[in-house]
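To start, the structure under review is shown below, and the notes come after it.
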Amino acid sequence: MPEGTEGDAPDGGDPDHERYIELLTALCGELDLPDVPAVLQSRRVEVEGFSVIVDHVTNDPQAMYIQFDYGITTAGRTLSIFRLMLESNLLVYAQDQAQLGLDPDTGSTQLIVRVPMTDDIDGPWLMDTLTHYAEHGRYWKDHLLQAPDDMFEAISAGDYLWLRA
Numbered sequence: 017m018p019e020g021t022e023g024d025a026p027d028g029g030d031p032d033h034e035r036y037i038e039l040l041t042a043l044c045g046e047l048d049l050p051d052v053p054a055v056l057q058s059r060r061v062e063v064e065g066f067s068v069i070v071d072h073v074t075n076d077p078q079a080m081y082i083q084f085d086y087g088i089t090t091a092g093r094t095l096s097i098f099r100l101m102l103e104s105n106l107l108v109y110a111q112d113q114a115q116l117g118l119d120p121d122t123g124s125t126q127l128i129v130r131v132p133m134t135d136d137i138d139g140p141w142l143m144d145t146l147t148h149y150a151e152h153g154r155y156w157k158d159h160l161l162q163a164p165d166d167m168f169e170a171i172s173a174g175d176y177l178w179l180r181a
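So the sequence shown is residues 17 to 181, counted in this note's numbering.
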């Protein structure tokens with residue numbers, strides 16, 4: 017999440033925050049999650065085995081942020097993974113207002129996606145977006161983060177095919 021934004025929750029009456037609540041509630045409906053208040057409080061959901069934070073921050077009031085935790089990198093691969101993240105940020109994710117990075121505290125690979133809260137965004141759109149990035153997460157996890165050494169070495173040497181953005 018953007019620095020210094022944890023726990024930002026404006027008081028009622030803020031139309032941007034109300035839109036965030038509306039979208040998160042619609043997402044809960046798509047995920048068949050009955051305890052919407054718990055999701056609103058924790059700002060966390062699980063999508064296809066990935067922990068996802070869905071947040072709204074005061075320093076970017078007309079957008080929400082989706083943060084996927086793709087998992088921890090196998091020991092000894094951090095530098096190569098970081099290079100691949102840089103390439104993917106430039107070639108794939110920049111067009112989606114998304115960024116891959118490493119959590120400095122845990123070493124976990126994180127994908128953060130900025131979603132403008134425009135009128136065309138709704139629960140089904142959010143669900144499609146989460147499913148799409150879960151597919152990216154499976155690719156990163158299976159082929160890079162926790163792949164056998166021979167597969168990882170081939171991919172990190174440039175023998176790979178990127179997913180569609």
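For glycine and all other residues, C-beta sits at the position ideal for the given N, C-alpha and C.
This structure is a prediction, so every number in the text was calculated from the model and none was measured.
Between the C-alpha atoms of residue i and residue j, what's the straight-line distance to the nearest angstrom?
i	j	result
TYR109	GLN115	6 Å
LEU14	GLN57	Outside the displayed range of the chain (17 to 181) lies residue 14, so it cannot be described from this structure.
ASP135	THR147	20 Å
LEU43	LEU118	26 Å
THR90	THR41	36 Å
TYR36	ASP121	28 Å
GLY153	VAL52	25 Å
ASP144	TYR81	15 Å
ASP30	ARG60	21 Å
GLU151	THR74	30 Å
ILE97	HIS33	36 Å
TRP156	ALA54	29 Å
GLN113	ARG99	19 Å
Based on the DSSP secondary-structure assignment, which residues constitute the bridge partners of residue i?
i	result
MET80	VAL131
ASP71	TYR81
ARG60	ILE69
Do residue j and residue i have their beta-carbon atoms positioned less than 8 Å apart in this structure?
i	j	result
GLN83	GLN126	yes
LEU161	GLY92	no
ASP85	SER124	yes
When the cut-off is 8 Å and only beta carbons count, does residue i lie next to chain C?
i	result
GLU64	No chain C appears in the structure shown, which is made up of a single protein chain.
| message | Assess contact between the segment 122-134 and the segment 44-55, defined as three or more Cβ pairs (one per stretch) separated by less than 8 Å. Is contact present? | response | No, they do not touch.
| Secondary structure, beta strand (DSSP E): runs of 3+ residues fully inside the segment 81-152 | Taking only runs of at least 3 residues, the beta strand (DSSP E) segments lying wholly in the segment 81-152 are 114-118, 124-132.
| How about the segment 61-73 and the segment 90-107: do they share at least three Cβ pairs that are nearer than 8 Å? | The segment 61-73 and the segment 90-107 do not touch, with fewer than 3 CB-CB distances between them shorter than 8 Å.
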